[in-house]
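Enquirer:
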Amino acid sequence: MLILAHRGYHATAPENTLEAFEAAIMAGVNGIETDVRMSRDGVPVLVHDRVMATGQAVSDLVHREIEGVLGHKIPTLDEALAHFPDILWNVELKTPHQLSTVFGVLEKYQAGHRIIVSSFRHDLIATCASSLKLDCGLLVAHRPQTLDSLLADFDCDGNARINHLVWDYNVLDGVLLKQAALKGFRNFVYGPITRKEHDECRQLEVDGIITDYPRIMQGV
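Residue 1 is where the sequence shown starts when you use the UniProt record's numbering, and the numbers rise one by one after that.
(1) Using the Cβ count rule (16 or more neighbours within 10 Å means buried), how would you classify residue 208?
(2) Less than 8 Å between the CB atoms is what I'm expecting for residue 85 and residue 17, so what's the real figure, rounded?
(3) What number of angstroms, rounded off, separates the C-alpha of residue 201 from the C-alpha of residue 189?
(4) Given residue 23, which residues of its chain have a CB within under 7 Å of its CB, disregarding the five upstream and five downstream residues?
(5) Counting pairs of Cβ atoms below 8 Å between the region 44 to 55 and the region 26 to 33, do you hit three or more?
(6) So that I know if they touch, is there some Cβ in chain D lying closer than 8 Å to that of residue 16?
(7) What residue range is occupied by the uninterrupted beta strand (DSSP E) comprising residue 151?
(8) Are the region 63 to 70 and the region 110 to 123 in contact at 8 Å, needing three or more beta carbon pairs?
(9) Out of 36, 194, 210, point me to the one whose CA is closest to residue 79's CA.
(10) Measuring straight from C-alpha to C-alpha, what distance separates residue 169 and residue 40?
(11) Rounded to whole angstroms, what is the Cα-Cα separation between residue 152 and residue 143?
(12) Going by DSSP in three states, residue 64 sits in which element: helix, strand or coil?
(13) How far does the alpha helix (DSSP H) with residue 36 in it extend, from its first residue to its last?
(14) Would you mind working out which of 128, 132, 196 sits nearest residue 138, comparing C-alpha positions?
(15) Which residue or residues does DSSP assign as beta-bridge partners of residue 128?
(16) Tell me the DSSP secondary structure of residue 185 in three-state form.
(17) Can residue 118 and residue 159 be called in contact, C-beta distance under 8 Å?
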């Protein structure tokens, strides 16, 4: 089972920073999950929230302005992938804005890096799967009636590059996990908090956990 640090390990450093990613690697994780958005000057930056604390949208600010609001350096997608070439990356697409620019960066690294691209926007994943030679995953925050109903849109069941399902811990269903595994999908889970919840994920034999608490897994 793989352990991915959600936005890096941000107990000692701001989330989605090179320092948080370095701390995660030092904590012994297998991978890092991060979020990419586009700044107004066309830079794919690693920021989770759409709107800053000031009420300004990330897409309305240039890269340096975002750093000014947050009070620390914000890495670009390019910088992060270049800085940590040996770790598994789970890059979440947050918006369709200037998607070709994001794809250009991912294409640059697809040959030499391990990258999974995921999104709640399953249409973006369908586009990614047909455009890049990367593993792709569907983020799932609801419990579908059936696995087939989840996969029906965008021919997700027929595209070999869409091979991960990334489930919200709160909608975990052992039957669906087993059905997905039998279809060849790798099941990842995000959002467990307590040691018990992390242990439950392991008992369900998921393939990966995306966690804010990577050190908790040392005792599971």
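By construction, the Cβ of each residue, glycine as well, lies at the ideal position given by its N, Cα and C atoms. Nothing here was measured: the structure is a model prediction, and the numbers come from that model.
Expert: So, from the data block:
(1) Classification for residue 208: buried.
(2) Contact flag wrong, Cβ pair sits at about 18 Å.
(3) 7 Å
(4) If you ignore the 5 residues before and after residue 23, its C-beta comes within less than 7 Å of the C-beta of 8, 9, 12, 13, all in its own chain and listed in chain order.
(5) no
(6) In the structure shown, chain D cannot be found, because there is only a single protein chain.
(7) Counting along the chain, no beta strand (DSSP E) covers residue 151; the unbroken alpha helix (DSSP H) around it starts and ends at 147 to 151.
(8) no
(9) 36
(10) 34 Å
(11) Roughly 15 Å separates the two Cα atoms.
(12) helix
(13) Residue 36 -> not in any alpha helix (DSSP H); beta strand (DSSP E) instead, spanning 31 to 38.
(14) Nearest C-alpha to residue 138 among 128, 132, 196: 128.
(15) According to DSSP, which records beta bridges pairwise, residue 128 is partnered with nothing at all.
(16) coil
(17) By the CB criterion at 8 Å, residue 118 and residue 159 fall outside the cutoff.
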